[in-house]
Amino acid sequence: NPTGWLDQNSAFASGDYFQTTMLDGNLVLASADSGYRYSHYNGDGALGWQNYEFSGRLRFGRNDDGIALTFYSQVPAGENRYYQLLRYSNWSHFQLMAHGTNIGDGVMSVNVNAQPNVWYRFRIRVYTTADRIRFVAKIWRDGDPEPSVWQIDAFDAYTTRIGAGTVGVWAMGSGAPAVDDLRVQRLAPPPPAGFALGLYDVQPADFSLLQGTALRRVQQYDSVQSESDALAYLQAAGAAGLDVWQNLPSAYLGYAESFWTARIDALIPETALQGWYLPEEPSPTARAAMERLHALIRLRDPLNRPAGTYFADLLTLNLWCDVLDTLFIGAYPEYTAQPRASMLARLEIAQEMCPGVPVIGVPMLFDTAFDGTGDYPTSHEARADAYTALIAGAQGLQWFSFHYGKNLPDLWQAVQSIASELDTLQPVLAAPDEGLPIAAQILTGPPQSPPASGRVYDSIQWIQRTYQSDLYLIAVNVATGTVTVRFDGVPPASGQADVLFENRSLSVTGGSFSDTFAEADVHVYRIHP
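In this text, residue positions in the sequence shown follow our numbering: the first is 3, and each later residue adds one.
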């Protein structure tokens, strides 16, 4: 018998109910008993396994046999708790079922016209998320093409759900039901929530330079990239504790569906993979190919990791709202000779054109000559751009680009500092806006920004969040000039507003406090009730 496997009967008593034997020229694991029997892998830690793919082959010898693949199983611990993909006696179909809990919703059955003495391939993926267990599976006759879709797609969101467990097989009948080629492969956990902070164009040789920074999500440009190179990048990033927006090379966009299916499936298990980066700045003529690629990702990635790309030209952005899950939108004031408010305008326009599609802000981390001799944001301006994107509704920042920016020491140092600040604010950024009736009154200085993309904004842009009973105001000056502002309607009526990252405080009197913003100033206030 295989090392580490435990055979049990229907009362979970151990015995010798399965054995390895030769069948159809292969060494297989087959039932040696006609009763209800289990065999599970019971190696160290297997009962705690999560987020994996279970694959292999199965067959049954008689139509009245039954066979099932078990997963997230606690049977070796003597508990009647597991999920299974079951073909019962005289069934032509396979059914997703649960013991000790329930399957909540989804597609739970697939009819493959199951026949005796025929080998069937299977792939089962199971994931533990915060509020459910997710299953996808497919099964097909060995030798036939693998189905392009997950035939079973369901979840268990009950409080009784099973959060982890081992794999195995259940069998009944005298036709020696058997399994072969069993394999368990770890899959990536669900993408983490939060305000993602990252960099474009980072090579593996530079991963060590990101150690100790809050910049943890990387991307690599390659118009041509082999599968082995993509895997190597993901694995190196994972080893360095980094996440990846995985580049999908533009040179391959028109390749056959089989190419992309193989590429996506090969990359899905990598734990560093957090999103799919499609060819950027696509032309309208590429829509069909982009739509097909996005559909394949949605079909094959059970974690539903987002697919996105960058757009410089917003005129045709509405063509892509239903093809992408994330939009990367940047503003480079020094490069385009636009005011700092251009970040606000471009992100606002993108969200108006594609409502509900998350936007990642892309601030400038390069010089206008791309060789270190051109103009680029000061540390002060870079901080304003990052916070402006946040205030405009960005759900993360991806600076463009590390390849150029690492050679601009003052700007690169500033970006690290900005990312550290924003990382400190992560729980605040995730907290709600309770809609307190706060108003900003300009006392001195320009009341509005210069026009940006034809739009003019109040000079002080701000958002509010309430976290652990404290009120936070995050504000930036997008005007050209110094502005003094009074914030009204601030609870409590009297108290203190701490200005984070600046080591100073302001008095709150009558529900108001005032402060001065130099051009491109950012202030983060915390008011304790």
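Every residue, glycine too, gets a C-beta built ideally from N, C-alpha and C.
Everything numeric in this text was worked out from a predicted model, so none of it was measured.
Let me see if you follow: with CB-CB separation under 9 Å, is T130 close to chain B or not?
Going by chain labels, chain B is absent from the structure shown, which holds only one protein chain.
Over the uninterrupted alpha helix (DSSP H) stretch that includes Q221, give me the two end residues.
Within the sequence shown, residue 221 is the residue found at index 219, counting from 1. Unbroken run through Q221 is the beta strand (DSSP E), 219-221; no alpha helix (DSSP H).
Would DSSP call V417 helix, strand or coil?
Reading the sequence shown from its first residue, position 415 is the one you call residue 417. V417 falls in the helix class under three-state DSSP.
Beta strand (DSSP E) runs wholly inside the region 493-518, at least 3 long, in chain order
As summarised for the region 493-518, the continuous beta strand (DSSP E) elements at least 3 residues long and confined to that stretch are 496-502, 506-511, given in chain order.
Looking only at DSSP bridge pairs, what is G170 linked to?
Here residue 170 refers to the residue found at position 168 of the sequence shown. The partner list for G170 (beta bridge, DSSP) reads H42, T72.
Looking at the unbroken alpha helix (DSSP H) that takes in Q338, where does it start and where does it end?
Walking along the sequence shown from the start, residue 338 turns up at place 336. Looking at the sequence shown, residue 338 is not Gln but Thr. Element bounds for T338: 335-338.
If you measure between the beta carbons of T380 and L346, is that distance less than 9 Å?
The sequence position of residue 380 within the sequence shown is 378, counting from 1. The sequence position of residue 346 within the sequence shown is 344, counting from 1. No, the pair does not count as a contact, with Cβ atoms beyond the cut-off.
Could you check if L29 is buried or exposed, using at least 16 other CB atoms within 10 Å of its CB as the buried criterion?
Here residue 29 refers to the residue found at position 27 of the sequence shown. The residue in question, L29, is exposed, as its Cβ has fewer than 16 Cβ neighbours within 10 Å.
Straight-line gap, L305 to H296 (C-alpha atoms, nearest Å):
If you number the sequence shown from 1, residue 305 lands on position 303. If you number the sequence shown from 1, residue 296 lands on position 294. Using only the alpha carbons, I get a separation of about 14 Å.
Please state the DSSP three-state secondary structure of M99.
The sequence position of residue 99 within the sequence shown is 97, counting from 1. Strand.
The beta strand (DSSP E) spanning L8 covers which residue range?
Position 6 of the sequence shown, counting from 1, holds the residue named residue 8. L8 -> beta strand (DSSP E) spans 7-11.
Using alpha carbons as the reference points, say which of S57, E81, N82, N65 lies closest to L71.
Taking the sequence shown and counting its residues from 1, one reaches residue 71 at position 69. With distances taken between Cα atoms, L71 lies closest to S57.
Assess contact between the region 463-482 and the region 510-530, defined as three or more Cβ pairs (one per stretch) separated by less than 8 Å. Is contact present?
yes
Status (buried if at least 16 other CB within 10 Å, exposed otherwise) for L189:
If you number the sequence shown from 1, residue 189 lands on position 187. With 16 or more other Cβ atoms within 10 Å, it is buried.
Is the CB-CB distance between D123 and H101 below 9 Å?
What you label residue 123 is simply residue 121 of the sequence shown in a count that begins at 1. What you label residue 101 is simply residue 99 of the sequence shown in a count that begins at 1. Reading the sequence as shown, one finds Arg at residue 123 and not Asp. Result no, Cβ atoms of R123 and H101 do not sit closer than 9 Å.
Strictly by DSSP, which residues pair up with Y312?
Mapped onto the sequence shown, residue 312 falls at position 310. F330.
What residue from L8, I69, E55, Y54 has the CA that sits closest to S36's CA?
Within the sequence shown, the letter at position 34 stands for residue 36. Of L8, I69, E55, Y54, the residue nearest in Cα terms is I69.
Are the beta-carbon atoms belonging to G175 and F14 less than 9 Å from one another?
Counting from 1 along the sequence shown, the entry for residue 175 is found at position 173. Counting from 1 along the sequence shown, the entry for residue 14 is found at position 12. Cβ distance not < 9 Å, so G175 and F14 don't count as in contact.
Quick check: does the Cβ of P531 come within less than 8 Å of any heavy atom belonging to the ligand PLP?
The ligand content of the structure shown is nil, which means the ligand PLP is not present either.
Per the contact definition of three or more C-beta pairs closer than 8 Å, is the region 504-511 in contact with the region 449-467?
no
For P365, does the count of other Cβ atoms within 10 angstroms reach 16, so buried, or fall short, so exposed?
Walking along the sequence shown from the start, residue 365 turns up at place 363. P365 sits buried, since 16 or more C-beta atoms from the chains shown fall within 10 Å of its C-beta.
A2 - partner residues in DSSP beta bridges
Residue 2 is absent from the model: the chain starts at 3 and stops at 531.
Three-state class that DSSP yields for N320 in the structure shown
Numbered from 1 along the sequence shown, position 318 holds the residue referred to as residue 320. Looking at N320 - three-state DSSP - the assignment turns out to be helix.
Tell me whether the beta-carbon of I164 lies closer than 9 Å to the beta-carbon of F96.
Working through the sequence shown from its first residue, we reach residue 164 at position 162. Working through the sequence shown from its first residue, we reach residue 96 at position 94. No, the Cβ-Cβ distance between I164 and F96 is not below 9 Å.
Does DSSP classify I164 as helix, strand or coil?
Position 162 of the sequence shown, counted from the first residue, corresponds to residue 164. Coil.
Helix, strand or coil for W262, going by three-state DSSP, please let me know.
Start at 1 with the first residue of the sequence shown, and residue 262 comes out as number 260. Of the three classes helix, strand and coil, the one that applies to W262 here is helix, per DSSP.
Please classify R342 as buried or exposed, where buried requires at least 16 neighbouring CB atoms within 10 angstroms.
Against the sequence shown, residue 342 aligns to sequence position 340. Flag for R342 reads buried.
Element boundaries [beta strand (DSSP E), containing R123]
Position 121 of the sequence shown, counting from 1, holds the residue named residue 123. Boundaries of the beta strand (DSSP E) around R123: 122-130.
Inter-stretch contact at 8 Å, needing at least 3 Cβ pairs: the region 422-433 / the region 401-412:
no
Determine the contact status of R143 and Y54, defining contact as a CB-CB distance below 9 Å.
In the sequence shown, residue 143 corresponds to position 141, counting from 1. In the sequence shown, residue 54 corresponds to position 52, counting from 1. Not in contact: R143 and Y54 (Cβ atoms no closer than 9 Å).
Rank L316, G108, N115 by C-alpha distance to the C-alpha of F157 and give the top, closest one.
Here residue 157 is taken as the residue at index 155 of the sequence shown, counted from 1. It is G108 whose Cα lies nearest to the Cα of F157.
Cross-strand partners of E55 (DSSP beta bridge)
Working through the sequence shown from its first residue, we reach residue 55 at position 53. Answer is R127, Q187.
Is DSSP giving I22 helix, strand or coil here?
The count along the sequence shown starts at 1 and reaches residue 22 at position 20. One point to set straight first is that residue 22 is Thr, not Ile, in the sequence displayed. Strand at T22.
What's the call for H530, buried or exposed, on a 16-neighbour Cβ count within 10 Å?
Residue mapping note: residue 530 aligns to position 528 of the sequence shown, counting from 1. Classification for H530: exposed.
Environment of R136 [buried if 16+ CB atoms lie within 10 Å]
Position 134 of the sequence shown, counted from the first residue, corresponds to residue 136. With a threshold of 16 other beta carbon atoms within 10 Å, R136 meets it and is buried.
Any chance the region 222-232 sits against the region 248-265, with 3 or more Cβ pairs inside 8 Å?
Judged by Cβ distances under 8 Å, the region 222-232 makes contact with the region 248-265, as three or more pairs qualify.
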